[in-house]
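Working notes, beginning with the structure itself.
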Amino acid sequence: HLTFEIASQTRQYADEKLTKDAIRDRVLKVCKAYDKVTADKLTVDSHFINDLGLDSLDHVEVIMAMEDEFGFEIPDGDAEKLLRPADIVQYVADKEDIYE
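Its first residue numbered 1, the sequence shown is counted upward by one per residue in full-length UniProt numbering.
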């Protein structure tokens, strides 16, 4: 069974400027597409487990979806620390050398 809705994908290209706002929007879009996330409970500061009620397997699936969205692998040791959308936004910004 498919847990993520298939939506029209917009990909970032090398010549487009990736900003922290764009990262945040994409992270929240991926979270909203996950069928176990209640959109009205989702904020950038929502804790995946405590606020959104996801379990550890759900968390892994969300991280895998982020890897697909941003086109790079997130090591397990890093993924364990990414417990809120805000954590993922900062992680991606750091990885992409975006400082605002």
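Ideal placement from N, C-alpha and C gives every residue a C-beta, glycine not left out.
Remember, it's a predicted structure, so these values are computed and weren't measured experimentally.
Same chain, Cβ closer than 8 Å to V60, five either side skipped, listed in chain order = If you number the sequence shown from 1, residue 60 lands on position 60. Only A79 meet the Cβ criterion.
Start and end residues, alpha helix (DSSP H) containing K32 = Residue mapping note: residue 32 aligns to position 32 of the sequence shown, counting from 1. Per DSSP, K32 belongs to the alpha helix (DSSP H) from 20–33.
request  = Count the other CB atoms, across all protein chains shown, that sit within 10 Å of the CB of S56; report buried if there are 16 or more and exposed otherwise.
outcome  = Counting from one through the sequence shown, the residue named residue 56 turns up at place 56. Exposed, by the Cβ-count rule.
inquiry  = Let me check understanding here. Comparing Cα to Cα, which of L28, L54, V37 lies closest to D87?
reply    = Numbered from 1 along the sequence shown, position 87 holds the residue referred to as residue 87. The shortest Cα separation from D87 among L28, L54, V37 belongs to L28.
message = In whole angstroms, give me the CA-to-CA distance for V30 and E67.
response = Numbered from 1 along the sequence shown, position 30 holds the residue referred to as residue 30. Numbered from 1 along the sequence shown, position 67 holds the residue referred to as residue 67. When rounded, the distance between both Cα atoms is 10 Å.
query = For the candidate residues L18, K20, R26, whose alpha-carbon lies nearest to that of A65?
reply = For the purposes of this step, residue 65 is identified with residue 65 of the sequence shown, where counting begins at 1. Minimum Cα distance to A65 is reached at R26.
message = On the criterion of 16 or more Cβ atoms from any shown chain inside 10 Å, does F70 qualify as buried, or is it exposed?
response = As a first step, residue 70 is located in the sequence shown; it is residue number 70 there, counting from the start. The residue is buried, with at least 16 neighbouring Cβ atoms inside 10 Å.
Outcome for L2 when other beta-carbon atoms lying within 10 angstroms are tallied against a minimum of 16 = Your numbering for residue 2 matches position 2 in the sequence shown. At L2 the pLDDT is 45, less than 50, meaning the model places this residue with poor confidence and gives no usable figure here.
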